[in-house]
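Take the sequence shown: its letters are residues 0 to 51, numbered as in numbering that gives the first Met the number 0.
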Amino acid sequence: MPATLEVACENDGCELDMVQLHYTYDMPQDVAVTDFQCPYCGQFDSLREIEL
Ligand SMILES: [Zn+2]
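Written as structure tokens, this is what we have:
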């Protein structure tokens, strides 16, 4: 299975709780959560991966 990860936004002003990222098999190995932007507040440096 391609990776699935849960991500939370740490921007205090952002109301997003959690999002899931679902990768395909073609996702490069060096892609990290810092390569993504919060879909709600739009910040690039506020996302954090959650270990469930
Ligand atoms: Zn956010």
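C-beta: ideal position from N, C-alpha, C; glycine also.
Taking the Cβ atoms as the reference, residue 5 lies roughly 11 angstroms from residue 46, outside the contact range of under 8 angstroms.
Within the DSSP secondary-structure output, residue 18 pairs in a beta bridge with 6.
8 angstroms or more divides the Cβ of residue 3 from the Cβ of residue 15. Taken from the Cβ of residue 39, at least one heavy atom of ligand 1 lies inside 7 angstroms. Assignment of beta-bridge partners to residue 50 by DSSP yields no partner.
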